[in-house]
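If you use the numbering used here, the sequence shown closes out at 278, no skipped numbers anywhere.
Right, one structure below, let's go through it.
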Amino acid sequence: MATDSVALPVVYGGSTRPPRGDYSRGGQVALDYTCPQNYAAYTEADHNTYRRLYERQCKLLPGLACDEFIAALPSLGAIDRIPRFDDINERLTKATGWRLVAVPGLIPEVPFFTLLANRQFPVTDWIRKPEEFDYIVEPDIFHDLFGHVPLLFDPVFADHMQAYGAGGLKAHGLGACEQLARLYWYTIEFGLMQQADGLRAYGAGILSSSGELVHAIKSAEPQRIALDVLRCMRTRYNIDAYQQTYFVIDSFQQLFDLTAPDFTPLYARLNMLP
Ligand code: HBI
Ligand code: FE
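If you want it as structure tokens, here you go:
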């Protein structure tokens with residue numbers, strides 16, 4: 005059921021700028037914030053931006069991106085133009101039961117968690133302008149598609165994402181969304197994995213950034229520590245700069261196992277810590 009107005013979400017990281025996306029679309033944005041992917045609205049410049057971002061990022065992946073990401077990337081399909089979500093969903097629903105849904109941009113936490121809990125991944129449907137080629141502060145279609153979607157084809161990672169959504173709804177009930185957002189930030193967005201042949205990125209924020217993909221793996225500046233859920237939930241993050249700390253896992257199975265337990269007692273402990 006479409007409504008003609010939805011509440012604008014709090015923008016990422018508490019910044020003051022209004023969200024980029026058009027959340028009205030003449031009543032095409034539903035109550036759960038999903039909307040059709042307006043494929044006809046993409047210009048040749050938009051398709052060209054996607055192709056250039058895709059080409060640049062692909063060149064960087066060997067030795068920096070985790071094996072599961074590199075293996076799954078071709079599942080996105082089109083590389084010279086913005087892919088249709090319906091085409092990707094043909095393959096994705098068969099692989100792990102996930103489905104991409106278009107959204108106008110960042111959405112409030114409860115609708116976001118609800119979509120994840122139902123194996124629906126919200127993908128922003130607009131793309132950055134050519135002048136924003138090197139950095140955009142709010143996720144656009146390239147961040148969401150290239151960064152997040154390939155790993156949804158990995159069964160263990162896909163199960164983790166669904167569990168995160170379910171956990172998010174519980175966290176919301178306990179007032180622990182900030183702690184859970186930090187866990188999301190340092191794993192799904194900026195997580196690293198120790199492979200037998202070296203350190204690799206699996207976080208979408210790293211994998212979709214040309215600068216941070218090299219920095220996260222090669223730079224001597226940042227701290228890289230084994231993922232510890234309690235410590236991760238106590239580590240603030242900055243959305244506008246490279247991370248000072250990266251958390252490292254050994255495998256997606258370990259990530260799933262670490263985050264499977266009920267966090268309620270953890271939230272209680274966190275509330276007692278300074
Ligand atoms: N909305 N569309 C979209 N995509 C996200 O990744 C997203 C969001 N809203 C909130 C959010 N992420 C994070 O704050 C989560 O930790 C909840
Ligand atoms: Fe993201």
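Each residue gets a CB set at the ideal place from its N, CA and C atoms; glycine is no exception.
Note that the coordinates shown come from a computational prediction; the quantities given were computed from them, not determined experimentally.
With a threshold of 7 angstroms, establish whether the CB of E72 neighbours any heavy atom of ligand 4.
Judged by which ligands are present, ligand 4 is missing from the structure shown, whose ligands are ligand 1 and ligand 2.
Proximity of T100 and P159 at Cβ, strictly below 8 angstroms:
yes
Beta-carbon proximity list for M5, same chain, < 8 angstroms, skipping 5 on both sides:
Low local confidence applies: a pLDDT of 40 at M5 is under 50, so the model's placement there is unreliable, with the coordinate-based value given in what follows. Correct list, in chain order: A34 and L35.
Thinking A220 and L196 are a contact (beta carbons under 8 angstroms), I'd like their distance in whole angstroms, please.
6 angstroms
Looking at the structure shown, is A44 part of a helix, part of a strand, or coil, going by DSSP?
helix
Can you tell me which of the three DSSP states T191 falls into?
helix
Backbone CA spacing between T263 and E48 [nearest angstrom]:
42 angstroms
Given a cut-off of 8 angstroms, decide if F89 and Q166 are closer than it, judged by their beta-carbon atoms.
no
State yes or no: is the C-beta of P134 within less than 8 angstroms of the C-beta of T53?
yes
Whole angstroms is fine: what's the gap from T156's alpha carbon to R235's?
In the sequence as displayed, the identity of residue 156 is Leu instead of Thr. Spanning the two alpha carbons is a distance of roughly 26 angstroms.
Burial state of L68 (16 or more Cβ within 10 Å):
buried
Just checking L110 against ligand 1 - is the residue's beta carbon closer than 7 angstroms to any of the ligand's heavy atoms?
yes
Identity of the residues DSSP links to C62 by a beta bridge
Note: C62 sits in no beta bridge, so no partner.
Option in K63, W102, V127 and A230 with minimal Cα separation from G109
V127
Supposed close pair Y168, L120 - CB separation, criterion 8 angstroms
Right, their Cβ atoms sit about 6 angstroms apart.
Less than 8 angstroms between C-beta atoms, sequence neighbours within five positions excluded: which residues of the same chain meet that for F137?
T53, R56 and L57
Which residues in the same chain as Q198 place their Cβ atom closer than 7 angstroms to its Cβ, once the five residues preceding and following it in sequence are excluded?
Closer than 7 angstroms at the Cβ level, and outside the excluded window around Q198, lie V252 and D254.
Taking C-beta to C-beta, are C62 and V107 nearer than 8 angstroms?
no
Consult DSSP for A6 and reduce its assignment to one of helix, strand or coil.
In this prediction, A6 has a pLDDT of 42, which is less than 50 and means its spatial position is unreliable; nothing more can be read from the coordinates.
N-terminal and C-terminal residue of the alpha helix (DSSP H) that A170 is part of
P159 to L178
Alpha-carbon to alpha-carbon, P66 and G215
15 angstroms
Distance, C70 Cα to A205 Cα
The C-alpha of C70 is placed about 6 angstroms away from the C-alpha of A205.
At the level of alpha carbons, what is the spacing between I243 and R132?
17 angstroms
Given this structure, state the Cα-to-Cα distance separating E59 from I83, to the nearest angstrom.
Taking the straight line joining both Cα atoms gives about 8 angstroms.
Confirm the yes/no value for this check: CB of Y27, any heavy atom of ligand 1, distance under 7 angstroms.
no
Presumed contact (8 angstroms Cβ cut-off) between I140 and D129, rounded CB distance
About 14 angstroms; that fails the 8 angstroms criterion.
Pick helix, strand or coil for I131, following the three-state DSSP scheme.
coil
Quick one: Cα of Q257 to Cα of G30, how far?
43 angstroms
Does the Cβ of D8 have 16 or more other Cβ atoms within 10 Å, making it buried, or fewer, making it exposed?
The pLDDT assigned to D8 is 48, lower than 50, so where the model puts this residue is not dependable; a value taken from the coordinates is nonetheless given after this. By the Cβ-count criterion, D8 is exposed, with fewer than 16 other Cβ atoms from all chains shown falling within 10 Å of its own Cβ.
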